[in-house]
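Residue numbers (numbering that gives the first Met the number 0): 0 to 133.
Beta carbons: idealized from backbone N, C-alpha and C, even for Gly.
Here the structure is a predicted model, which means the values were calculated and not measured.
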Amino acid sequence: MTLNIRIIAPDRTVWDAEAQEIILPSSTGQLGILTGHAPLLTALDIGVMRVRVDKEWMPIVLMGGFAEIENNQLTILVNGAEEATQIDLSEAEKNLETATQLLSDASSNKEKIEATQKIRKARARVQAATAAIV
Numbered sequence: 000m001t002l003n004i005r006i007i008a009p010d011r012t013v014w015d016a017e018a019q020e021i022i023l024p025s026s027t028g029q030l031g032i033l034t035g036h037a038p039l040l041t042a043l044d045i046g047v048m049r050v051r052v053d054k055e056w057m058p059i060v061l062m063g064g065f066a067e068i069e070n071n072q073l074t075i076l077v078n079g080a081e082e083a084t085q086i087d088l089s090e091a092e093k094n095l096e097t098a099t100q101l102l103s104d105a106s107s108n109k110e111k112i113e114a115t116q117k118i119r120k121a122r123a124r125v126q127a128a129t130a131a132i133v
């Protein structure tokens, strides 16, 4: 038995396939989903979602959103998403350095919040790209 997974971003369907297991970055921590999971609606945080297809794990970066599971159907609505295989690790690391510098240079609370969000997104991209290489 498998989970039917659909990841939808505002501009495209990121993923539409079956998998055996999912680990989601929920707003309260990591959330594992297997077949037969109880119905659930949860908020998602910025982070790396892990999808197990057969014996292989595939990381996908999620930029926050919501997930609904019911009857082995997992629908994920996200602000943005990126498959780890599409991420250039050196570019992601540069983006993390730039975001970290923005936080150091930030003077207002608004600038600090924006820089912190950029750091979280950049860290998730680096984490996913690193996991894809292993």
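(request) Could you pull out every residue in the same chain whose Cβ sits closer than 7 Å to the Cβ of Thr97, ignoring the five residues on either side in sequence? (result) none
(message) Taking the beta strand (DSSP E) that Thr74 belongs to, which residues open and close that run?
(response) 72 to 77
(message) Does the beta-carbon of Thr41, which I'm using as the reference point, lie nearer than 7 Å to any heavy atom of the ligand FMN?
(response) Here there are no bound small molecules, and the ligand FMN is not part of this structure.
(request) Give me the Cα-Cα distance between His36 and Leu23, rounded to the nearest whole angstrom. (result) 13 Å
(request) Quickly, what does DSSP pair Glu110 with across the bridge? List them, please. (result) Answer is none; Glu110 lacks a bridge partner.
(message) Can you tell me whether Ala137 is helix, strand or coil according to DSSP?
(response) Here the chain covers residues 0 to 133 and nothing more, so residue 137 does not appear.
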